[in-house]
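Asker:
Protein chains: 2
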Amino acid sequence: MTAQLNIGEVVETVRGVVGVADSVALHEPEFTGNEKKYLNDCIDSTFVSSVGGFVDRFEAMLCKHTGSGHAVACVNGTAALQIALQLAGVGANDEVIVPALTFVATANSVSFLGAVPHFVDSESRTLGLDAKALAERLDAVGEQGSNGVRNVQTGRRIAAIVPVHAFGHPADLAGLMEVAEAWNIPVVEDATESLGTLYRNRHTGTFGLLSALSFNGNKIITTGGGGAILTSDHELARRAKHITTTAKLPHRWAFDHDEIGYNFRLPNLNAALGCAQLEQLDDFVKRKRRLAGRYRAAFSHVPGIKVFAEPEGARSNYWLNALLLDESEADRRDELLGALNDAGVMSRPAWTLLHELSMYRECPRGFLGVAEGLARRIVNVPSSARLGHA
Amino acid sequence: MTAQLNIGEVVETVRGVVGVADSVALHEPEFTGNEKKYLNDCIDSTFVSSVGGFVDRFEAMLCKHTGSGHAVACVNGTAALQIALQLAGVGANDEVIVPALTFVATANSVSFLGAVPHFVDSESRTLGLDAKALAERLDAVGEQGSNGVRNVQTGRRIAAIVPVHAFGHPADLAGLMEVAEAWNIPVVEDATESLGTLYRNRHTGTFGLLSALSFNGNKIITTGGGGAILTSDHELARRAKHITTTAKLPHRWAFDHDEIGYNFRLPNLNAALGCAQLEQLDDFVKRKRRLAGRYRAAFSHVPGIKVFAEPEGARSNYWLNALLLDESEADRRDELLGALNDAGVMSRPAWTLLHELSMYRECPRGFLGVAEGLARRIVNVPSSARLGHA
């Protein structure tokens, strides 16, 4: 007989890891580096907006940290993903394969292009898209044609595949890239949660044709709001910069634009904050990994629940630590969430699965049983870098 | 016989107004208030992103300054206009009437919704949409139907009218509102250039159903990048906040979203800058109006050119001062632009008219002769508030 989950024990165990302060946030940023200095420098320069040295510096630092050939800073991660998809060739009435277990912005970015998300299952090992489920789904509905892969059930083109590195854990990039290459469908990585995460010693976001990062306030580093597109393709990077800056043609004075462009550039003010934050990324990763280790150790003997650990071959940033209830305890998730939050330990479930949201209910999808099982069992617990102090 | 334009005299006259420093920007921001203090406060609070007190404060200050019932801060003016149009009912395959003489973002916001810009002429008196041309165009192509006004030539619905307050001068709001009301088409004001501008003692942006402001780096106040939606309709304001913040439903922990929402909220960091800037708006307007007065006086006897003055009933913010070449001198515009920029006086022409850009060439349009005449003759000259010192 399996020992039963004891809610009080779980709350106490989390408390033991994060400390006994009154209230603990799920994830809060830390500004103990050059944040104020760079912001003040930015104000002194008067270049707070679309032009200024911090944007260039931030982009160069992102390249250095990720090993990406190019980085194009954007106003946020959603905008970055939208443009990355557009540059990968996604257009109106195409389909894009995404997991159901992800933040809603993954699917919204697809919708903004007039395209339709197509949901494929996740795997328990990575919390990301399942390469085997992807291959099976493509075998079931895909047909190679002159214009790429067609979904024979809907008649639409399947224009891209978007692995999401959920909570900072890398998806099975090797497996997914293999399927994508076999079908010749471009991969755009949603790396909005995985800055600092390596897969086989290479940074997530550098495997697909393009990828998107996010620097929202709840991420491992923040620019207030911000994101970036990564790519190693010089021409795609040039295009990304062009269409995120209103597609204006360089000229001494004329205002000519050669296509419909976006106002998606990151302001220099936000990039200034980003430079200061990025200087501390390695330290944040180190402390977040230490915190994850403490959660794992503390929960190793707690019955009915375990801590999700990075998959093989990964070095995760552990953006958000995830507790995983045993299947038999899944119906006690909300009871646990209530108890944790009542105790001042901010906690949350995984996102509501995207195919369960009203606007995505009618989208094409394969079997999603694994994602459904995971969503019922995940509880994210406080994960700020400061909680991983030495 | 008319006296001829003397390029050297124009350059010297501008130099006389702006001072003899080496190089003068077209428009630069000024950070001599609480900018650093509020940014540092924001960092100390750790709330730099989507949650934080500066956003609420900034929105309240915008309401006070404009007299609008509600203000919803956004990531930039383009996003604000896009959402304002969506909330006014604009959808895919609708048409939206806009002037051709405006920044490209006016039309791009329409395009982002899958709608099509429909260009109507401007008037020399205001540089904005011409109420008479609008009425004539609607008489020529409009037809009332059960679903609103239909363009009989294209079959599409004409879903909104967007007056733009070009360079900070109010369009003929009385005339335009009268035509719009007669046809029952909602008006969405593009007030991105006119913060601080009154029309008949009421702030621009409070006449239409909704309007958009911008706080880009080149505007009268800046948040780095930012914008806002104004409306006096409580329900529209609630909807604006909802769909600019990913349409998330309030819940203690669950991530449910009830429609396709945007990540268009203004970060708290940028709102902090905005609060400091808005405290100085009245002073900026005063100095910019003083500078405009100096331009007018200095050019009163220069042949071949004049300074555009606010139309009757307006109190303009004179965002960008505009020189207007006589019709007979229009072909010397680029010569003048070259001479001014060579002399270190940053100057620019009006925007390339939108119907002349490749992506908008095929859009429906009326006669645009006045806009074409104005675009050939406008030269914007340095207009920073600091140039209007006492």
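Protein sequences, first through last, are from chains G and Y.
According to this note's numbering, the first sequence is numbered sequentially starting from 14.
According to this note's numbering, the second sequence is numbered sequentially starting from 14.
From the three backbone atoms N, C-alpha and C, an ideal C-beta is built for every residue, glycine too.
Buried or exposed for Glu-194 of chain Y, please, with buried defined as at least 16 other CB atoms from any protein chain shown within 10 angstroms of its CB.
Answerer: The residue given as residue 194 of chain Y occupies position 181 in the second sequence. Flag for Glu-194 of chain Y reads exposed.
Asker: Here's a check: name, in chain order, each residue in its chain whose Cβ is nearer than 7 Å to the Cβ of Ala-384 of chain Y, leaving out the five neighbours to either side.
Answerer: In the second sequence, counting from the first residue as 1, residue 384 of chain Y sits at position 371. So the list reads Pro-112, Ala-113, Leu-114, Asp-134, Ser-135 and Leu-366, once near-sequence residues are dropped.
Asker: Suppose you measure from the CA of His-40 of chain Y to the CA of Thr-257 of chain G; what does that come to, to the nearest Å?
Answerer: Start at 1 with the first residue of the second sequence, and residue 40 of chain Y comes out as number 27. Start at 1 with the first residue of the first sequence, and residue 257 of chain G comes out as number 244. Distance between the alpha carbons of His-40 of chain Y and Thr-257 of chain G is about 22 Å.
Asker: So Ala-49 of chain Y contacts chain G; which residues on that side make the cut at Cβ distance below 7 Å?
Answerer: Locating residue 49 of chain Y in the second sequence gives position 36, counting from the first residue. It should be pointed out that residue 49 of chain Y corresponds to Lys in this sequence rather than to Ala. Residues of chain G with a Cβ closer than 7 Å to the Cβ of Lys-49 of chain Y are, in chain order, Asn-53 and Ile-56.
Asker: Would you be able to state if there are at least three C-beta pairs under 8 Å between the region 361-379 of chain Y and the region 210-225 of chain Y?
Answerer: no
Asker: Counting only runs of 3+ residues fully inside the region 313-385 of chain Y, write out the beta strand (DSSP E) ranges in chain order.
Answerer: 318-320 and 334-338
Asker: Phe-132 of chain G bridges to which residues according to DSSP?
Answerer: By one-based count along the first sequence, residue 132 of chain G stands at place 119. The partner list for Phe-132 of chain G (beta bridge, DSSP) reads G:Val-111 and G:Arg-378.
Asker: Determine whether the Cβ of Arg-28 of chain Y lies closer than 9 Å to any Cβ atom of chain G.
Answerer: As a first step, residue 28 of chain Y is located in the second sequence; it is residue number 15 there, counting from the start. Taking Cβ atoms only, chain G never reaches closer than 9 Å to Arg-28 of chain Y, which makes this a no.
Asker: Which value, in whole angstroms, describes the spacing of the CA atoms of Leu-286 of chain Y and Lys-49 of chain G?
Answerer: The residue labelled residue 286 of chain Y in the question sits at position 273 within the second sequence. The residue labelled residue 49 of chain G in the question sits at position 36 within the first sequence. Rounded to whole angstroms, Leu-286 of chain Y to Lys-49 of chain G spans 13 Å at the Cα level.
Asker: Verify whether the separation of the beta carbon atoms of Ser-63 of chain G and Gly-238 of chain Y is less than 9 Å.
Answerer: For the purposes of this step, residue 63 of chain G is taken as residue 50 along the first sequence, with counting starting at 1. For the purposes of this step, residue 238 of chain Y is taken as residue 225 along the second sequence, with counting starting at 1. Going by C-beta atoms, Ser-63 of chain G is nearer than 9 Å to Gly-238 of chain Y.
Asker: Can you tell me which of the three DSSP states Thr-236 of chain Y falls into?
Answerer: Locating residue 236 of chain Y in the second sequence gives position 223, counting from the first residue. In the displayed model, Thr-236 of chain Y falls within coil according to three-state DSSP, outside both helix and strand.
Asker: From what residue to what residue does the beta strand (DSSP E) around Ala-184 of chain G run?
Answerer: If you number the first sequence from 1, residue 184 of chain G lands on position 171. Per DSSP, Ala-184 of chain G belongs to no beta strand (DSSP E) and is neither H nor E.
Asker: Against chain G, does Ile-318 of chain Y count as a neighbour if the rule is that its beta carbon must be under 9 Å from one of theirs?
Answerer: What you label residue 318 of chain Y is simply residue 305 of the second sequence in a count that begins at 1. No - not a single Cβ of chain G is within 9 Å of the one on Ile-318 of chain Y.
Asker: Please classify Arg-265 of chain Y: is it buried, with 16 or more other beta-carbons within 10 angstroms of its beta-carbon, or exposed?
Answerer: Reading the second sequence from its first residue, position 252 is the one you call residue 265 of chain Y. Counting Cβ neighbours within 10 Å, Arg-265 of chain Y comes out exposed, since fewer than 16 surround it.
Asker: Does Thr-236 of chain Y come within less than 9 Å of chain G when only Cβ atoms are used?
Answerer: Here residue 236 of chain Y corresponds to residue number 223 of the second sequence, with the count starting at 1. Yes - at least one Cβ of chain G is within 9 Å of the one on Thr-236 of chain Y.
Asker: Under DSSP, the alpha helix (DSSP H) around Glu-248 of chain G begins and ends at which residues?
Answerer: Residue 248 of chain G sits at position 235 when you count from the first residue of the first sequence. That run of the alpha helix (DSSP H) goes 247-256.
Asker: For chain G, find out if any of its Cβ atoms is closer than 9 Å to the Cβ of Ser-360 of chain Y; answer yes or no.
Answerer: As a first step, residue 360 of chain Y must be located in the second sequence, where it is residue number 347. Yes, Ser-360 of chain Y lies at the interface with chain G (some Cβ there is under 9 Å from its Cβ).
Asker: Where do the ends of the beta strand (DSSP E) carrying Ala-204 of chain G lie?
Answerer: One-based indexing of the first sequence puts residue 204 of chain G at position 191. Element bounds for Ala-204 of chain G: n/a, residue is neither H nor E.
Asker: Quick check: the Cα distance between Ser-159 of chain G and Asn-197 of chain G, rounded to an integer number of angstroms?
Answerer: Residue 159 of chain G sits at position 146 when you count from the first residue of the first sequence. Residue 197 of chain G sits at position 184 when you count from the first residue of the first sequence. Each residue's Cα considered, the two are about 12 Å apart.
Asker: Does DSSP put Asn-398 of chain G in a helix, a strand or coil?
Answerer: The residue labelled residue 398 of chain G in the question sits at position 385 within the first sequence. The residue you asked about is not Asn; residue 398 of chain G is Ala in the sequence shown. Ala-398 of chain G falls in the helix class under three-state DSSP.
Asker: Considering only residues of the same chain and omitting the five flanking positions on each side of Leu-100 of chain Y, which have a CB-CB separation below 7 Å?
Answerer: One-based indexing of the second sequence puts residue 100 of chain Y at position 87. Cβ within range, chain order: Leu-223, Leu-249, Arg-252 and Ala-253.
Asker: Closer than 9 Å between beta carbons: that is the criterion. Which residues of the region 104-129 of chain G meet it against chain Y?
Answerer: Ala-105, Phe-116, Val-117, Ala-118, Ala-120, Asn-121, Ser-124, Phe-125 and Gly-127
Asker: In chain order, what residues of the region 250-278 of chain G put their CB closer than 9 Å to some CB of chain Y?
Answerer: Within the region 250-278 of chain G, the residues whose Cβ lies closer than 9 Å to some Cβ of chain Y are Thr-259, Ala-260, Lys-261, Arg-265, Trp-266, Ala-267, Phe-268, Asp-269, His-270, Asp-271, Glu-272, Ile-273, Gly-274, Tyr-275, Asn-276, Phe-277 and Arg-278, listed in chain order.
Asker: Chain Y partners of Asn-89 of chain G, CB-CB under 8 Å?
Answerer: As a position in the first sequence, residue 89 of chain G is number 76, starting the count at 1. Near Asn-89 of chain G (Cβ distances below 8 Å), the residues of chain Y are Val-88 and Asn-276.
Asker: With a 10 Å radius around its C-beta and 16 neighbouring C-beta atoms as the bar for buried, classify Glu-156 of chain G as buried or exposed.
Answerer: Residue mapping note: residue 156 of chain G aligns to position 143 of the first sequence, counting from 1. That one is exposed.
Asker: Among Y:Arg-170, Y:Pro-316 and Y:His-368, which one has its Cα closest to the Cα of Val-154 of chain Y?
Answerer: Taking the first residue of the second sequence as 1, we reach residue 154 of chain Y at position 141. Out of Y:Arg-170, Y:Pro-316 and Y:His-368, Y:Arg-170 has the C-alpha closest to the C-alpha of Val-154 of chain Y.
Asker: I need the DSSP call for Gly-90 of chain G, collapsed to helix, strand or coil.
Answerer: Position 77 of the first sequence, counted from the first residue, corresponds to residue 90 of chain G. Three-state DSSP puts Gly-90 of chain G in a helix.
Asker: Note down the Cα distance separating Val-298 of chain Y from Tyr-212 of chain Y, rounded to an integer number of angstroms.
Answerer: One-based indexing of the second sequence puts residue 298 of chain Y at position 285. One-based indexing of the second sequence puts residue 212 of chain Y at position 199. Near 14 Å, if we compare the C-alpha coordinates of Tyr-212 of chain Y and Val-298 of chain Y.
Asker: Let me confirm a value: Glu-323 of chain Y is counted as buried when at least 16 other C-beta atoms fall within 10 Å, else exposed. Which label applies?
Answerer: Taking the first residue of the second sequence as position 1, residue 323 of chain Y is located at position 310. Buried, by the Cβ-count rule.
Asker: Which of the residues in the region 56-82 of chain Y, read from start to end, lie with their CB under 9 Å from any CB of chain G?
Answerer: Listed by position, the residues of the region 56-82 of chain Y near chain G (Cβ gap below 9 Å) are Ile-56, Asp-57, Thr-59, Phe-60, Val-61, Ser-62, Ser-63, Val-64 and Gly-65.
Asker: Given that a residue counts as buried once 16 or more other Cβ atoms are within 10 Å of its Cβ, and exposed if not, what is Asn-106 of chain G?
Answerer: Taking the first sequence and counting its residues from 1, the one referred to as residue 106 of chain G is at position 93. Per the 10 Å Cβ criterion, exposed.
Asker: Could you name the residues of the region 362-377 of chain Y whose beta carbon sits closer than 7 Å to any beta carbon of chain G, in the order they occur along the chain?
Answerer: Residues passing the 7 Å Cβ filter: Pro-362, Trp-364, Thr-365, Leu-370, Ser-371 and Met-372.
Asker: Taking 9 Å as the threshold (C-beta atoms), are Ala-327 of chain G and Thr-210 of chain G in contact?
Answerer: Residue 210 of chain G sits at position 197 when you count from the first residue of the first sequence. Residue 327 of chain G sits at position 314 when you count from the first residue of the first sequence. Closer than 9 Å, so yes.
Asker: Taking just the CA atoms, how far does Glu-342 of chain G sit from Leu-226 of chain G?
Answerer: By 1-based counting over the first sequence, the position of residue 226 of chain G is 213. By 1-based counting over the first sequence, the position of residue 342 of chain G is 329. Taking the straight line from one Cα to the other gives about 34 Å.
Asker: Could you check whether Gly-90 of chain G and Asn-283 of chain Y sit closer than 9 Å to each other, using their CB atoms as the reference points?
Answerer: For the purposes of this step, residue 283 of chain Y is taken as residue 270 along the second sequence, with counting starting at 1. For the purposes of this step, residue 90 of chain G is taken as residue 77 along the first sequence, with counting starting at 1. Inclusion of Asn-283 of chain Y and Gly-90 of chain G in the CB contact set at 9 Å is not warranted, their separation being larger than that value.
Asker: Using a Cβ cut-off of 9 Å (strictly closer), state whether Glu-43 of chain G contacts chain Y.
Answerer: Within the first sequence, the letter at position 30 stands for residue 43 of chain G. Output row for Glu-43 of chain G: interface = yes.
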